[in-house]
Amino acid sequence: MGAISKRYKVVIHIASRFLFFILTVWVGLTLAFLVSRASPVDPSTILISRLMSMGGYLRPEEILALKQQILELYGLDKPVYMQYLSFIKGVLTGNLGPSFSFFPTPVIELIHKSMVWTILLLGFSTILSWVIGNVVGVLAAVFSRSKISKALEWISMSLYPVPYVIFALVLFLFFSLVIPLAGGVGGAGMAMQTLSLTYIIEVIRRLSVPSLSIIALSSASWFLSMKALALSVKKEDFVNYAIIRGLSQKTVTKYVMRNSLLPQITSLAFSLVYLFNGALVTEYIFAYPGLGRLLYNAIVGSDYNLMLGILSYSIIGVASAAFILDLIYPLIDPRIRYGG
Amino acid sequence: MSEFLLEAKNIAKFFGYGFLGRTKFPAVDNVSLTMEDFPKILTIAGESGCGKTTLARVLLGFIKPDRGIVLYKGRNVHKLKRKEKKFFRKEVQAIFQDPYETFNPLRRVDAYLFGTAKYMFGANSKEASTRVEEVLEFVGLSIKEVMGKKPKEFSGGQLQRISIARALLAEPRLIIADEPVSMIDVSLRMNILNMFKDLRERGVSFIYITHDLATAYYISDEIAIMYRGMIVEVGPASEVLLNQYHPYTKALVRSLPEPGKKDEWLKEKVNPPGIEIKEFLVPGCKYADICPNSSDKCRKERPPLFKVGNVKVACWIYQGQFQRP
Amino acid sequence: MKTVLKCSNVKGGYKLSEVYIDAVSNVSLELRTNEIFGIAGESGCGKSTFIKTIYGYIEPPLILKDGSIELYARDGKTFNISSLSLNNLRKNVWWKYISYIPQNAMNVLNPTMRIRDHFAEIYKEHMGLKKRDSYAKAQEYIESFGLPNEVLSAFPHQLSGGMRQRVVIALSLLFEPDVVLADEPTSALDVINQRVSLVFLRNAQRKLKNTIVVVSHDMGVQSVLTDRMGIMYAGKIVEVGETETIFENPLHPYTKMLIKSLPRLGDKTRRMGAKGQPPDLRDPPPGCRFHPRCPYSKPICRKEEPTFLEVEQDHYVSCWLME
Amino acid sequence: MKVPLSLKIAIGIIASLLVFAFILPNFAPYDPRRWATVPGDEPPSLTYPFGTTTVGQDLFWLSSYALRNSIILGILTASISVTIAFLLGSFAGFVRGSVSRNALTLLIDSFCLIPGLPVLIVLAYSWRKFLSPVLIALILSIFGWAWPSRSVRSLILSLRERSFTYTSLLSGFGMMRIFFYEYLPYIIRWLAVSFLGLLNWAIGMETTIAVFGLSTLEEATIGSIIYWALQYQSILRGVWWWVTFPILLLAILIVTLYELSKIISEFTGVK
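Chains E, G, W and F supply the protein sequences, listed in that same order.
In terms of this note's numbering, the first sequence opens at residue 1 and continues consecutively.
In terms of this note's numbering, the second sequence opens at residue 1001 and continues consecutively.
In terms of this note's numbering, the third sequence opens at residue 2001 and continues consecutively.
In terms of this note's numbering, the fourth sequence opens at residue 3001 and continues consecutively.
#1: What does VAL142 of chain E touch in chain F if you count any residue whose Cβ is under 7 Å from its own?
#2: Does the separation of the CB atoms of LEU2171 of chain W and HIS2118 of chain W fall below 8 Å?
#3: Cutting at 6 Å between CB atoms, please list the residues of its own chain near ILE3188 of chain F, excluding the five before and the five after it.
#4: Taking a contact to mean a Cβ-Cβ separation below 8 Å, would you say ALA1165 of chain G touches MET1120 of chain G in this structure?
#5: Just how far apart, CA to CA, sit VAL2179 of chain W and SER2197 of chain W?
#6: Could you tell me which of G:ALA1251, G:ASP1185 and G:GLU1222 sits nearest to SER1155 of chain G, measuring between CA atoms?
#7: Can you say whether TYR2233 of chain W is buried or exposed, counting buried as having 16 or more other CB atoms within 10 angstroms of its CB?
#8: Span of the beta strand (DSSP E) holding LEU3170 of chain F?
#9: Among the candidates W:PRO2060, W:GLY2013, W:THR2211 and W:ILE2063, whose CA atom is the shortest distance from the CA of ILE2098 of chain W?
#10: Roughly how many whole angstroms lie between the Cα atoms of ARG2282 of chain W and LEU2031 of chain W?
#11: Return the CA-CA distance between ALA287 of chain E and ARG293 of chain E, expressed in angstroms with no decimal places.
#12: Could you spell out the range, first to last residue, of the beta strand (DSSP E) harbouring GLN1093 of chain G?
#13: Between the C-alpha atoms of THR3244 of chain F and LYS2131 of chain W, what's the straight-line distance to the nearest angstrom?
#14: Do the region 2120-2136 of chain W and the region 2070-2084 of chain W touch if we need at least three Cβ pairs shorter than 8 Å?
#15: Determine, for TYR1112 of chain G, whether the minimum Cβ-Cβ distance to residues of chain F falls below 8 Å.
#16: Out of E:PHE102, E:ILE328, E:GLY309 and E:ASN277, state which residue places its alpha-carbon closest to the alpha-carbon of VAL165 of chain E.
#17: Distance, Cα to Cα, THR1215 of chain G vs SER1048 of chain G?
#18: Under a CB-based cut-off of 8 Å, is ILE3071 of chain F close to chain E?
#19: Taking Cβ-Cβ distances shorter than 7 Å, what residues in chain G pair up with SER2230 of chain W?
#20: Is PHE172 of chain E close to chain F? Criterion is C-beta to C-beta, closer than 8 Å.
#21: Roughly how many angstroms lie between the CA atoms of GLU1153 of chain G and ARG1108 of chain G, to the nearest whole one?
#22: Under a CB-based cut-off of 8 Å, is ASP1098 of chain G close to chain F?
#23: Can you list, in chain order, the residues of the region 3112-3126 of chain F whose Cβ is nearer than 8 Å to any Cβ on chain E?
#24: Can the beta-carbon of LEU3198 of chain F be found less than 8 Å from the beta-carbon of THR3077 of chain F?
#25: Confirm, please, whether the CB-CB distance from ALA2040 of chain W to ILE2231 of chain W is below 8 Å.
#26: Classify MET2163 of chain W: buried if its beta carbon has 16 or more other beta carbons within 10 angstroms, exposed otherwise.
#27: Distance, Cα to Cα, LEU3170 of chain F vs ALA1094 of chain G?
#28: Name, going along the chain, the residues of the region 281-298 of chain E whose beta-carbon falls closer than 9 Å to a beta-carbon of chain F.
#29: The beta strand (DSSP E) with TYR2014 of chain W in it runs from where to where?
#30: For the region 1173-1195 of chain G, enumerate the residues whose C-beta is nearer than 8 Å to any C-beta of chain W, in chain order.
#31: Can you find a C-beta in chain F that's less than 8 Å from the C-beta of ILE166 of chain E?
#32: Going residue by residue through the region 3095-3181 of chain F, where are the continuous alpha helix (DSSP H) segments of at least 4 residues, counting only ones entirely within it?
#33: On the DSSP bridge assignment, give the partners of ALA1008 of chain G in chain order.
#34: Do we get a CB-CB distance below 8 Å when we pair ASN3102 of chain F with the residues of chain E?
#35: Just verifying my parser: in three-state terms, what is the DSSP assignment at ASP2183 of chain W?
#36: Under 8 Å, Cβ to Cβ, is there at least one residue of chain W near TYR241 of chain E?
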């Protein structure tokens, strides 16, 4: 066995996960392309109606010329497969053309700015809720007969199914009417400035309520899945053997935790999808300057190209986050790292 | 019509592990078996993980082998047409290890009995129930005890008998029994093994798969010893088990704990088999690492089955002249 | 031959919602120093439950209704295991005076921990040793057992089943306890590995001169390994004696049937299996629990329970035929 | 067998919600969707139990009407998605040949890893002129089938490895007969739990999309009520009831449906 099979097994793990990452991105982008072309109204007429509504009368032939120009600009006049290829190339190289509502700024710039905020919110609340949910979950499983663990279970059971939008609204109501927060809620009117202390405190203050909304729900779901998992690990032979060997309750809890956290890392990758959707809507409700807010503005400004950009980069973002998490797993699980 | 009932030629089945299962290891490696047309009990003995169950599923036509073919009365088992498949199912049946897994826990046990009777003979319900009563009586149970009950309402021993009854309903020529008694209480095993012996008198052949050499000796005419997917020794049961030609068979029989063998059992030094996966990949003889009389030739080249008297042994020490070490 | 452990009238079982499974009913047994004592019996006869109660590992749904278990350690201390709390047992008795080899010992090592850390934990817990010197101590302890020392740095999944088994045996003998309880120490292993592990266990016992209790349904293993043995049936010990005498001259009908139904290499004569199946311990049959399956059962067997008699030198049996 | 108390409570709550959503609207004194049928911004009182909206709609009748649409939409999405999942998932579980099985599995897994919300929003946006509960249900089903087909596939793969599958084959039962007689009891349990799960997901997703402004135009759903409430800044203006009651209704419905699915999976838990 020795070194060869160890490296070999880890390389296998990474290679297969990378292949899956490529496949997910490809399927996602194809879906995005199909969705964009499946609309009953082609994007150019949307843009024209936008321009028309800004006043100024255009003669019919001018409208046709404008339409032709837009089609060329976005390559809509070429055959479908050409459009598809240029769409994929555009997404991968980052130029999806200018956004409609914030004309001429390119779509990628807008997305880049908001993506940073979303990653901040999502990263912060994912890690926090993962840790809280799992640690409390293990303790609740180890001391499963205590009242607190039963109460926690009951609370999580009622929190878990609630959609992010509903819970965000509940918090929004709570912090606007019951305990009004100074400076209102969310990140309205936040501009990106240089990193100064006041700016950071401001960011944390803006971050607090939306992340609280995400953390509450997702830690409830982690709590439930971990408690179920830890209860089954608790019955495993090696935990039983630890008790028989007279090890302290602390060590036994450590046994259960170490062996239950591993599978929770793999399920973290797949739970990202729910967290991401939740984050988008929570950002919108709390006017947090992330992708969610940008998406709403794109809808209001019927900025089709921006919407498509947000969609493509969300797909890539979630898939790469999941891929990174998959890389972490072999480093932690000795069974893969030190091949049998 | 070939003179063999069942013929397996150079069967190999690989299971992948590693990147998309690219690195293959042979769970069953170049195994050949023959069951002549007269009733006999052939035992396939070997430790857990030596590929016995995989071989059984290949013989039953459930898994396609990667190499080699299985012929039943001259016809390839894995390429049967619809009608031939029904004929094959009727003639070859199986009994599994865990009685509680043999039947669907949610369904009534008699559904299988009547289902088999109706399928095999197109019997209407009256004829089917007489056949069912007959086989249940043979295994020592009455229809009253069995009707309308789910698997968890029976003991392990009773369920295993029902499983045998189900197999007998098809009036098979050959029954492949995969560890049929290992989950049954020691004192009740004899009843089931005696049943196999009686059935052989009535013309039913058995392939009995087990890791327990004592029960193998008790009921079988012929025995094949398997090690890491390979048959290392095959021949008449008393010849193989009492004289043991292959070094692995020697180690097995000597390590068998039996009353009266205490001193010998405690003294002799035997080194244990190593890590399973690594040994499957060895090019030469898979027992080479541990075998007391292994040589370079053993490690590099796979020994063929040499004929020594009426026993076939896959070991280089029997190359050329017949000589007992 | 001093007594090292004495169980008197131990009554234990599983308290489920509406039903009580009488797994160990009124069992008395004496274990002696420097011997390997075997407990034989078929699945569901209560042998594993019995040694769990001896060890004092009583976790719901298992409860100890009555009876006492006394441990007379070689250093003069005595412990009433049945009355000590789990915590008390854990701190002062477990692993120092009595240790346990669990069933399915191949899979009881923590998959995410190296072997040496398993040793380090026990040294830290029971002897307060720091990690570094417990590694050294483990190193020399492993060598004294003849196990290769790269075992220590390996993870459990990197070792073969047999090797993991021997590591668990070595772990259980770490503080040279007076009594080691081994539950089905070999059932999952192949015959060759089983022999190596059992010989490994026996040599250790002969070196330490302590007492090892081997629970196994395999009569072959009992015959080659144990000095004395007891046969359990439906929660009761029906016969106790020297292993040779039990195999040469079994007295209890169930023991006779068990030994008669053992297939032997080289002997093809037809053997008869037992009739019926073991009783349901939720409502065990009255009187002698073997009477429904016993070929010699008399009316008294159905009414009263036979007493445990010493029929010949050091050979006890509880059966009305003998009285 | 004793029906557990929690089951009775769950069914009780759901029954009353269903009555509120399906029977009550028929007694509405006026068409709840039309504006200015009642004075606006009335706080909850005896005459208007849920209060009224700024645009003069009686929130009590409106939310009963909206709940009905939300539930219909949810049921539609759940049934379409479960059917697709059942067909695709069991096909992936049964298909011979490892290549086609791996391809299908990878496709299903990759679909589970694509963030549904932005895709659904883009799609809903392009069809926003024609949005109706039925169309929204179709759009949501594009993503609804992914997760349940993953679970039914692994369920079937595990069933195919069980010994009783081989016993049935030996007894002459064909794959079809095995599927309907042997596997169905296991699949029905998966069906019930997945359907309720999808129902919750669909209602939640519809509300999320609606909040982004992509809700049905003429038909009212819980999501559309919340959308208009936010558009009219109801929270900042203190018209809290416009948002609170729809949220409350939805939360109770979803939590109870989840309890029901929990009880079902425990109650019919096999071995």
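Positions of the beta carbon are idealized from the N, C-alpha and C atoms, including for glycine.
In short, the structure shows the following:
#1: Near VAL142 of chain E there are no residues of chain F at all, since even the closest Cβ is about 22 Å away, more than 7 Å.
#2: yes
#3: When the five nearest sequence neighbours on each side are left out, no beta carbon in the same chain lies closer than 6 Å to the beta carbon of ILE3188 of chain F.
#4: no
#5: 18 Å
#6: G:ASP1185
#7: buried
#8: Run containing LEU3170 of chain F: none in the beta strand (DSSP E); it sits in the alpha helix (DSSP H), 3163-3170.
#9: W:THR2211
#10: 29 Å
#11: 6 Å
#12: 1092-1095
#13: 59 Å
#14: No, they do not touch.
#15: yes
#16: E:ASN277
#17: 16 Å
#18: At a cut-off of 8 Å between C-beta atoms, ILE3071 of chain F does not count as an interface residue with respect to chain E.
#19: One point to set straight first is that residue 2230 of chain W is Gly, not Ser, in the sequence displayed. Near GLY2230 of chain W there are no residues of chain G at all, since even the closest Cβ is about 16 Å away, more than 7 Å.
#20: yes
#21: Going from the Cα of GLU1153 of chain G to the Cα of ARG1108 of chain G covers about 10 Å.
#22: yes
#23: CYS3112, LEU3113, ILE3114, PRO3115, GLY3116, LEU3117, PRO3118, VAL3119, ILE3121, VAL3122, LEU3123, TYR3125 and SER3126
#24: yes
#25: yes
#26: buried
#27: 7 Å
#28: VAL281, TYR284, ILE285, LEU291, GLY292, LEU295, TYR296 and ALA298
#29: Residues 2003-2015.
#30: ASP1185, VAL1186, SER1187, LEU1188, ARG1189, MET1190, ASN1191, ILE1192, LEU1193 and ASN1194
#31: yes
#32: 3098-3112, 3116-3126, 3133-3144, 3146-3161 and 3163-3170
#33: G:LEU1033 and G:VAL1070
#34: no
#35: strand
#36: yes
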